[in-house]
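Student: Residue numbers (the numbering used here): 20 to 392.
Positions of the beta carbon are idealized from the N, C-alpha and C atoms, including for glycine.
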Amino acid sequence: MTQPSNTQQYHPDLIVEQAENGWRIVRLNRPKSLHALDLSIVKALKDVFEDFHQDDTVKAIWLDSTTPKAFCAGGDVRKLRQLVLENDADTATEFFKQEYALDLLLHNYAKPIVVWGEGYVMGGGLGLFMAAPFRLVTPYSRLAMPEINIGLYPDVGGTRFLADRGAVGLFTGLTGSIMTSAGAYAIGWATHICDAQRDVVLKKVIDIDWEHYPAGDFRAIDDTLNSLHRPVGAGPLQNSLDVLHSVCRGVHFEYDYEAIIGLSDARSDWLRQASENLQKGSPVTAALTWLLWQWGRNVHSWNEVFDLEVQISNWKIRHPDFIEGVRARLVDKDLSPEWQKYDELSLKGILGACPPITTIESWNAILKQYHVI
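#1: Leaving out five residues on either side along the sequence, give the residues of the same chain with a beta carbon under 6 Å from the beta carbon of His-54.
#2: Cα separation between Leu-104 and Asn-333?
#3: Determine the contact status of Asp-32 and Arg-43, defining contact as a CB-CB distance below 7 Å.
#4: In chain order, what are the residue ranges of uninterrupted alpha helix (DSSP H) at least 4 long that sit wholly in the stretch 278-315?
#5: Which residues in the same chain have their Cβ closer than 8 Å to the Cβ of Leu-282, if we skip the five residues on either side of it in sequence?
#6: Among the candidates Val-329, Leu-364, Ala-151, whose CA atom is the shortest distance from the CA of Ala-120?
#7: Could you check whether the stretch 125-133 touches the stretch 233-240, counting it as contact only if at least three pairs of C-beta atoms, one from each stretch, sit closer than 8 Å?
#8: DSSP three-state call for Tyr-172: helix, strand or coil?
#9: Near Gln-22, which residues of its chain fall below 7 Å by C-beta distance, leaving aside the five closest residues on each side in sequence?
#10: Is it the case that the stretch 164-174 contacts the stretch 199-211, given that we only count it when at least three CB pairs across the two stretches are under 8 Å?
#11: Would you list the residues sitting across from Val-134 in a DSSP beta bridge?
#12: How many Å lie between Leu-244 and Asp-107 at the Cα?
#13: What are the partner residues of Cys-91, as DSSP defines its beta bridges?
#14: In the DSSP assignment, what residue or residues form a beta bridge with Trp-208?
#15: Just list the residues that DSSP pairs Ile-44 with in beta bridges.
#16: Just verifying my parser: in three-state terms, what is the DSSP assignment at Met-164?
#17: Just how far apart, CA to CA, sit Asp-122 and Phe-272?
#18: Report the partner residues of Met-198 according to the DSSP bridge assignment.
#19: Is the stretch 295-306 in contact with the stretch 359-379, if contact means three or more CB pairs nearer than 8 Å?
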């Protein structure tokens with residue numbers, strides 16, 4: 020089905036193969052870290068997709084990983100934390116710049132990209148996933164933006180793709196709740212659910228007869244994937260939609276925050292876990308996520324979204340909650356972070372005197388609207 024690529028070796032943790040019928044296969048290959056992204060692999064991916072964009076022999080690209088346990092569990096935040104501790108936050112910021120440039124490239128890509136999102140699809144992995152037009156999940160997929168747990172914030176375009184999903188997006192960003200394939204499909208994170216083996220699905224798309232599709236390559240792939248789509252029963256997200264809309268009204272931060280924490284005695288395990296995640300998560304992340312959701316509800320281009328996120332990330336990785344959150348969850352693994360204390364449960368009380376003021380006036384206007392500055 021595939022043959023050795025005649026392209027360059029882009030990165031030791033990246034497998035690039037030339038397949039038949041104009042297809043290229045790109046595989047993340049860092050299984051020990053669940054295919055976490057660092058600066059070198061992000062740059063290599065950007066090179067791959069830029070080369071393929073200019074190569075007339077490339078019709079479509081399949082993106083996956085070498086293991087079913089995860090497509091990509093996110094950015095290598097342990098490495099980013101270490102850079103900040105070594106007073107090299109500029110290199111950490113460069114990672115975000117390159118990561119967002121890759122995401123932006125994929126959002127604007129002219130050729131079809133199919134992503135096989137099996138296993139964990141989280142953080143930076145979800146950013147890659149959401150940038151593609153064809154987003155496949157399996158019954159074993161688990162998707163989330165869990166930055167509340169590590170004191171970062173839902174970036175990689177989450178500023179827009181969470182806001183686009185209204186109250187559900189706000190709840191997801193504030194709680195880091197994990198989506199099953201059913202939930203991901205229901206809110207449009209996934210475009211298709213496949214219960215067939217990866218190689219079966221891959222062979223189907225590689226064997227597409229392009230000539231039979233005068234409407235174009237995207238239609239050809241969509242029709243093929245539609246024939247493979249297998250709906251599944253409702254998951255915890257769909258069963259909790261009424262609750263989500265009642266606790267995430269998006270009017271007052273304090274109301275939403277306390278209402279979600281108030282779900283600690285809910286019948287649903289999923290809702291109780293969401294409550295616990297927020298209660299134990301970084302208050303600064305929660306406040307920032309809520310404000311970014313407000314900003315994202317207005318129409319913004321992907322260019323502007325990533326421009327804002329670069330500036331927010333530059334501020335956030337220097338914040339003590341990021342250092343402490345990664346330590347507690349991924350370094351010492353004691354799961355007992357000491358978050359920065361705050362004066363009162365309000366946006367200004369939590370964010371304090373140093374909110375992330377940027378060069379984007381519409382963001383600063385949000386800070387003023389909610390009395391943060």
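Tutor: For this structure:
#1: Leu-47, Ser-84, Ala-89, Cys-91
#2: 14 Å
#3: Taking 7 Å as the Cβ cut-off, Asp-32 and Arg-43 do not qualify as a contacting pair.
#4: 288-299, 302-315
#5: Cβ within range, chain order: Val-262, Val-266, Leu-290, Arg-291, Ala-293, Ser-294.
#6: Selected option, being the one with the closest Cα: Val-329.
#7: yes
#8: coil
#9: Note on Gln-22: pLDDT 43, under 50, position unreliable in the model; no value is reported.
#10: As far as the Cβ criterion goes, the stretch 199-211 does not touch the stretch 164-174, which means the pair count is below three.
#11: Leu-82, Arg-154
#12: If I take the Cα positions, the gap works out to 45 Å.
#13: Val-140
#14: Trp-208 is not bridged to any residue.
#15: Per DSSP, Glu-36, Trp-81.
#16: coil
#17: 29 Å
#18: Paired residue(s): Leu-162.
#19: yes
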